[in-house]
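End of the sequence shown = 708 in the numbering used here, gap-free, step of one.
In this text, a Cβ means the ideal position worked out from N, Cα and C, and glycines have one as well.
A short write-up of the structure that comes next.
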Amino acid sequence: MLSKIPVLGRLDPFLLAILATVAVAALLPADGVVLDGVNWAAKIAIGLLFFLYGARLSTQEAIEGLKHWRLHLTILATTFVVFPLLGLAAKVLVPSILSEPLYLGVLYLCLLPSTVQSAIALVSVARGNIPGSIVSASASSLIGIFATPLLVALTMSTQGVTFSGSAVLDIVLMLLVPFVAGQLLRRWIGGWVKAHGKPLKLVDRGSIMLVVYVAFSRGMNEGIWSMISVGRLLALVGVCAVLLVIVLALTWYSSRGLGFEYQDRVAILFCGSTKSLATGLPMAIVLFPGQPIGLIVLPLMLFHQMQLLVCAALAGRLAKKAPDGLVAV
């Protein structure tokens, strides 16, 4: 069943591809006109990615999932309230454990929406509430288009990060408009998109790799590797691991305290604890002009890989312990 999750094995090809992209950016960073061209290509690829998200989302599934408003409110509160508060609390780690740019990256990570495909796949494997997870994860992604820039403005204005309305417009054009277009055309192309899911996965991964290349090319031009030591990098790994453990524990045990049944608790666990690389990377390019972008997205990249490894293992364990009578999808 775990093969249904687009996540890491010990030598996951996607992780290796991301690491290879970082290496290429370190050795051959794009600059000037070339960087501008690659940046535009990345934006187009991300737009296509969200167009496909829109084409995949079944309207019937969305209507069915919308009935469970308590579930969605709990997941959204975890994503856009609990996580940001944890990010703000991490300020105490500066400068003893985290440098200022790395802290900004951790805080930015905490302001992002949930993953979509990975969260739904994890819920499916663990025999959770799939319609509810589809709606919650998709709603989180769409709300994040507006909520994340707003939270960045509220929490990072004192950190020297500027914010403009044009950034929101750029994000809407890059993410929301393609998603809506995909939904509008789903009647005609939805079946084709689902039937060609595997080859279209190249769009998902290719778009992320393009944005990684842009981010780390900018980082090399800014000299980011001279800004971080091995000790700081290891400390960042530890901070991301602790953050993930805290959120996983909070979502699982608080959902039980709130009276949710097993299937809803699984949806809250995986939709509430994961963060979207596909949304976070392109947003960072728009939201942090003039900032050390490579260092800011580094926590997100580490957390993303960590969440997939840990959550895949959790999904497998939960599937074995699920109440009798539940059917894996």
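**Asked** Can you tell me where the alpha helix (DSSP H) with E479 in it begins and where it stops?
**Response** Along the sequence shown, one-based indexing puts residue 479 at 100. E479 to C489 is the extent of the alpha helix (DSSP H) around E479.
**Request:** Kindly list the residues whose CB is nearer than 8 Å to the CB of V593, restricted to its own chain and excluding five residues on each side of it in sequence; keep chain order.
**Result:** Walking along the sequence shown from the start, residue 593 turns up at place 214. Result list for V593: A409, L414, V417, N418, A421 and I664, in chain order.
**Asked** Taking 7 Å as the CB-CB cut-off, is V590 touching chain B?
**Response** Within the model displayed, chain B is absent; a lone protein chain is all it includes.
**Prompt:** What first and last residue would you give for the alpha helix (DSSP H) that runs through K573?
**Reply:** Start at 1 with the first residue of the sequence shown, and residue 573 comes out as number 194. Residues V556 to A574.
**Prompt:** Roughly how far, in whole angstroms, is the beta-carbon of P661 from the beta-carbon of V590, given that I think they are within contact range, below 8 Å?
**Reply:** Translated into positions along the sequence shown, residue 661 becomes position 282. Translated into positions along the sequence shown, residue 590 becomes position 211. Indeed, because the Cβ distance is near 5 Å, the residues count as touching under 8 Å.
**Asked** Between the stretch 504 to 523 and the stretch 648 to 659, do at least 3 Cβ pairs fall closer than 8 Å?
**Response** Taking 8 Å as the limit for Cβ pairs, the verdict is that the stretch 648 to 659 does touch the stretch 504 to 523.
**Message:** Looking at the secondary structure, which residues open and close the alpha helix (DSSP H) in which S519 lies?
**Reply:** The count along the sequence shown starts at 1 and reaches residue 519 at position 140. Taken as a continuous stretch (DSSP letters only), the alpha helix (DSSP H) holding S519 covers I509 to M535.
**Message:** Rounded to the nearest angstrom, what separates I587 and G602 at their Cα positions?
**Reply:** Here residue 587 is taken as the residue at index 208 of the sequence shown, counted from 1. Here residue 602 is taken as the residue at index 223 of the sequence shown, counted from 1. Going from the Cα of I587 to the Cα of G602 covers about 22 Å.
**Request:** Below 8 Å on the Cβ atoms is my guess for F430 versus G561; work out the distance and round it to an integer in Å.
**Result:** The sequence position of residue 430 within the sequence shown is 51, counting from 1. The sequence position of residue 561 within the sequence shown is 182, counting from 1. With 8 Å as the limit, F430 and G561 qualify as a contact, their Cβ atoms being about 4 Å apart.
**Request:** Return helix, strand or coil for H451, following the three-state DSSP convention.
**Result:** By one-based count along the sequence shown, residue 451 stands at place 72. In the structure shown, H451 sits in a helix (DSSP, three-state: H, G or I).
**Request:** Select from P528, W571 and D549 the residue whose C-alpha is nearest the C-alpha of I425.
**Result:** If you number the sequence shown from 1, residue 425 lands on position 46. Comparing Cα positions, the closest option is D549.
**Message:** What does the alpha-carbon distance come out to for the pair D643 and W631?
**Reply:** Locating residue 643 in the sequence shown gives position 264, where the first residue counts as 1. Locating residue 631 in the sequence shown gives position 252, where the first residue counts as 1. When rounded, the distance between both Cα atoms is 10 Å.
**contact_flag[the stretch 568 to 579, the stretch 679 to 694] where n(CB pairs < 8 Å) is 3 or more** = no
**Request:** Could you give the DSSP three-state label for S382: helix, strand or coil?
**Result:** As a working note, residue 382 is residue 3 in the sequence shown. Summary for S382: the model assigns pLDDT 46, below 50, so the residue's position carries little reliability; its value from the coordinates is reported in the next sentence. Helix at S382.
**Request:** Provide the residue span of the alpha helix (DSSP H) that contains T630, from first to last.
**Result:** Here residue 630 refers to the residue found at position 251 of the sequence shown. Segment V609 to G636, the alpha helix (DSSP H) holding T630.
**Asked** Which one of L629, L648 and P678 has the shortest CA to CA distance from A505?
**Response** Mapped onto the sequence shown, residue 505 falls at position 126. Nearest of L629, L648 and P678 to A505, Cα basis: L648.
**Asked** What number of angstroms, rounded off, separates the C-alpha of H451 from the C-alpha of K577?
**Response** Along the sequence shown, one-based indexing puts residue 451 at 72. Along the sequence shown, one-based indexing puts residue 577 at 198. Looking at the two C-alpha atoms, the distance is approximately 29 Å.
**DSSP state of S493 mapped onto helix, strand, coil** = Here residue 493 corresponds to residue number 114 of the sequence shown, with the count starting at 1. In the structure shown, S493 sits in coil (DSSP, three-state: anything other than H, G, I, E or B).
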